[in-house]
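Report on the structure given below.
In this note's numbering, the protein residues as written are 1 to 223.
This is the structure:
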C-alpha cells in the first residue's frame with residue numbers, strides 16, 4: 001500500500017467515525033474563501049465534503065447535526081471580524097467580542113442544519129439530484145437568515161467570488177445567485193466523486209459559461 005492510499009484510507013476512516021468533527025473542521029476551512037484570504041477553491045472543496053457527510057448520514061437527525069457542526073465552524077471563523085470590531089469602541093469591554101461571535105455562531109449554525117435536513121430528505125437515494133436539492137436548500141436558508149427576525153445578511157456565500165470576475169454576473173442573478181453558483185460548483189465536485197458524469201459535465205459547462213460572461217463583463221467595464 002503506497003503513502004497516498006494510506007492517507008486516503010485513514011482519512012475516510014476518520015470521516016466515517018467522526019462526521020461531526022470533520023464537519024466542524026470543514027466549516028472552519030470553508031470560511032477561508034472570504035476576504036482577506038480569498039481561498040475560494042478550499043470553500044468549494046469543503047462544501048463538497050459537507051455534501052458527502054450529509055449524503056452518508058443514516059437519518060435526518062444525523063444530517064442536521066452535520067450541518068450544524070459545519071455551520072458552527074463556518075460562522076465562527078467567517079465572522080471573527082466582529083470580535084475585532086469590538087476593539088474600536090469603548091462602550092463595552094473588548095474581550096466581549098469573542099463570546100459575541102461564539103453565541104451568534106451557535107444561532108446562525110441552525111440555518112445550515114436546516115439546509116442539511118432538507119437536502120437529505122429530498123435527495124436520499126437519488127445521487128443524480130442530491131447536490132441540486134442541497135444547493136437550493138442552502139439558498140433558501142441563506143435567504144431566511146437574512147430575512148427572519150432582525151435578519152443577518154453578512155457574509156453570504158456568494159462573496160467568495162469577489163475579485164474573480166464571476167461576481168460581475170451579480171447584476172443579473174444577485175448575491176443569492178452567486179451563492180447558488182458556489183453551491184452548484186461544489187455540487188459538481190461531489191457529482192464527479194460519485195461518477196455522475198452527465199450531471200457534473202452539464203453543471204461545469206454552465207458554470208464555465210457564467211464565469212466567462214462575468215470575466216467578459218469585467219473586461220468590458222474595465223476597458
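Yeah, the Cβ is synthetic: ideal placement off N, Cα and C, and Gly gets one too. Given the structure is predicted, the values throughout are model-derived calculations rather than measurements.
If you compare the alpha carbons of 56, 111, 31 and 65 with that of residue 73, the shortest gap goes to 31. When only Cα atoms are considered, residue 161 and residue 55 end up about 26 Å apart. By the criterion of a C-beta distance shorter than 7 Å, residue 34 is surrounded in its chain by 78, 155, 159 and 160, once the five residues flanking it on both sides are discounted. Residue 137 has its alpha-carbon roughly 16 Å from the corresponding atom of residue 44. Counting of Cβ neighbours within 10 angstroms places residue 65 among the buried residues, the total reaching 16 or more. Rounded to whole angstroms, the separation of the alpha carbons of residue 10 and residue 202 is 32 Å.
Between residue 191 and residue 131, the C-beta spacing is below 7 Å. Residue 22 places its beta carbon less than 7 Å from that of residue 15. Contact between residue 141 and residue 114 holds, with the beta-carbon distance rounding to 5 Å and staying under 8 Å. Our two residues, residue 207 and residue 200, have alpha carbons roughly 10 Å apart in a direct line. When secondary structure is reduced to three states using DSSP, residue 124 falls in the coil class, being assigned neither helix nor strand.
Take the alpha-carbon of residue 84 and the one of residue 99: they are about 12 Å apart. Of the residues 193, 204 and 167, the one whose Cα lies closest to the Cα of residue 53 is 193.
Using a 10 angstroms sphere on the CB of residue 108, the tally of other CB atoms reaches 16 or more, which defines it as buried.
Its Cα nearest to that of residue 40, the residue 164 stands out among 51, 164 and 197.
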